[in-house]
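Notes follow the structure.
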Amino acid sequence: MGTAVIETNHGVVVLDLLPDIAPETVRNFESLAKSGFYDGTLFHRVIPGFMIQGGGTWGTGGPGYSIKAEFNPKSHLRGTVSMARAVDPDSAGSQFFIVTTDSAFLDHQYTAFGQVSTGIEVADKIVNLPRDSRDCPRQEARILKISVSG
Numbered sequence: 001m002g003t004a005v006i007e008t009n010h011g012v013v014v015l016d017l018l019p020d021i022a023p024e025t026v027r028n029f030e031s032l033a034k035s036g037f038y039d040g041t042l043f044h045r046v047i048p049g050f051m052i053q054g055g056g057t058w059g060t061g062g063p064g065y066s067i068k069a070e071f072n073p074k075s076h077l078r079g080t081v082s083m084a085r086a087v088d089p090d091s092a093g094s095q096f097f098i099v100t101t102d103s104a105f106l107d108h109q110y111t112a113f114g115q116v117s118t119g120i121e122v123a124d125k126i127v128n129l130p131r132d133s134r135d136c137p138r139q140e141a142r143i144l145k146i147s148v149s150g
């Protein structure tokens, strides 16, 4: 099992990656992280009591491709990391979200690929930032760098 360290301007979140249940998704995430794709991007969507979402260029784009969904048995418990997507289940690219509360209604609809091992309090801080009517935080929540190992 690999790990990912997400350095933000609000603190550090460490993830345990789960290649046994989402191998292609983990491979994609690791590749993007190693290439520096995530460096400087924002957590552009925050919904208190639910999740923080980031990993896209200015919150709108992705890497220019999409990957197939890898729905799996992992339940979306607090701290689960999953791929964001559009309506098409196979439309995920780079954007991901971290649930800050148990969210089992997402199970088998989004590809879970990691679990926060330390730093959930950083996600809690980000999810509670003041936001606008489009759920964009009014205070910057920036991903400075994502490092992967293992």
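No gaps in the numbering here: position 92 of the sequence shown is 92 in the UniProt record's numbering, and each next residue is one more. We put the beta carbon where it would ideally sit given N, CA and C, even for glycine.
DSSP-derived helix/strand/coil call for residue i
i, result
"residue 27", "helix"
"residue 22", "coil"
"residue 144", "strand"
"residue 102", "coil"
"residue 132", "coil"
"residue 149", "strand"
First through last residue of the alpha helix (DSSP H) which encompasses residue i
i, result
"residue 116", "Element bounds for residue 116: not the alpha helix (DSSP H) but the beta strand (DSSP E), 112-118."
The beta strand (DSSP E) enclosing residue i, as first and last residue numbers
i, result
"residue 80", "80-83"
"residue 87", "No beta strand (DSSP E) holds residue 87; DSSP gives it neither H nor E."
"residue 41", "It is not in any beta strand (DSSP E) - residue 41 carries neither H nor E in the DSSP assignment."
Residues near residue i by beta carbon distance below 8 Å, same chain, minus five either side
i, result
"residue 140", "9, 42"
"residue 144", "7, 8, 9, 39, 40"
Sequence-distant residues of its chain with Cβ nearer than 7 Å to residue i (five each side left out)
i, result
"residue 37", "63, 94"
Beta-carbon proximity list for residue i, same chain, < 6 Å, skipping 5 on both sides
i, result
"residue 128", "48"
Member of the options whose CA lies at the smallest distance from the CA of residue i
i, options, result
"residue 24", "100, 124, 90, 105", "90"
"residue 44", "131, 149, 150", "131"
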